[in-house]
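Report on the structure given below.
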Amino acid sequence: MYSSMQSHHANTFRYVPASSKPVSPERVAQVLADEWKLFTKDTAGSAAESERAFASLPLGVTSSFQHWDPYPISIASAEGAWMTDVDGRKLLDLSMGFGAMLAGHLNPIVVEEIQTSLREGMLFVTPSPTSTDAAERICKRFGIDQVRFTNSGTESTMYAVRVARSATEKMGILKVEGGSHGSYDPFVVSSKPPLDKIGNPE
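Under our numbering, the residues of the sequence shown are numbered -8 to 193, in order.
So this is what it looks like as structure tokens:
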């Protein structure tokens, strides 16, 4: 399987096909320029929505990870695995709410359960049998002892770090370069490094 591959790239340690040739930086720049032209041509509505949002939201978004240059795509609705942006384009949702929408947007069963819950009241700010029911099902399904519900990835990673530090008595943290792990201070480092800071592509 690896007979046609080099042992590894000298700097990145990635396996590279022996026939691989570097792509010209000029060619990459031209392709990117062409793609940005297409992007801005097809997303005028998102550009306008981003400009409007900047007046009332920091960076024009509700969470910093959503901000991208020149502007993010703004979604108007979604159903199943598909989203529709403010420009009317249908886009396949590959994020699926980072797992929360795994059953799809507007899944009929989920919608029915939510409607039932709404009729019983919401946001009690107290313990509830509903929370225990959900915890018991999750513990049984995944073979774990206990579960702590959180409101965001930020809160989840914060608790995970606290538990890990308590269990190991070590304070160090490793994070993915260029990855978003929420807004907990130790993880808001190098979330979106510029390409020239990530490392030499050669």
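Ideal placement from N, C-alpha and C gives every residue a C-beta, glycine not left out.
A72 and E160 have their C-alpha atoms roughly 43 Å apart. In this structure, the alpha-carbon of R156 lies about 10 Å from that of Y150. Taking each of A35, E70, D78 in turn and checking the Cα distance to L85, the smallest one comes out for E70.
The way I'd put it, the segment 30 to 38 does touch the segment 75 to 95; three or more beta-carbon pairs between them come closer than 8 Å.
Here S171 is not near S181, since their CB atoms are 8 Å or more apart.
C130 and D136 have their C-alpha atoms some 6 Å from each other.
Q57 and P63 have their C-alpha atoms roughly 7 Å apart.
The Cβ atoms of T145 and Y175 lie closer than 8 Å to each other. Within the DSSP bridge table, the entry for G71 names H96 as partners. Between S65 and S41, the CB-CB gap stays under 8 Å.
With respect to the 8 Å criterion, V101 and A91 are not classified as neighbours on the basis of their beta carbons. In the structure shown, I66 falls within a strand segment according to DSSP collapsed to helix, strand and coil.
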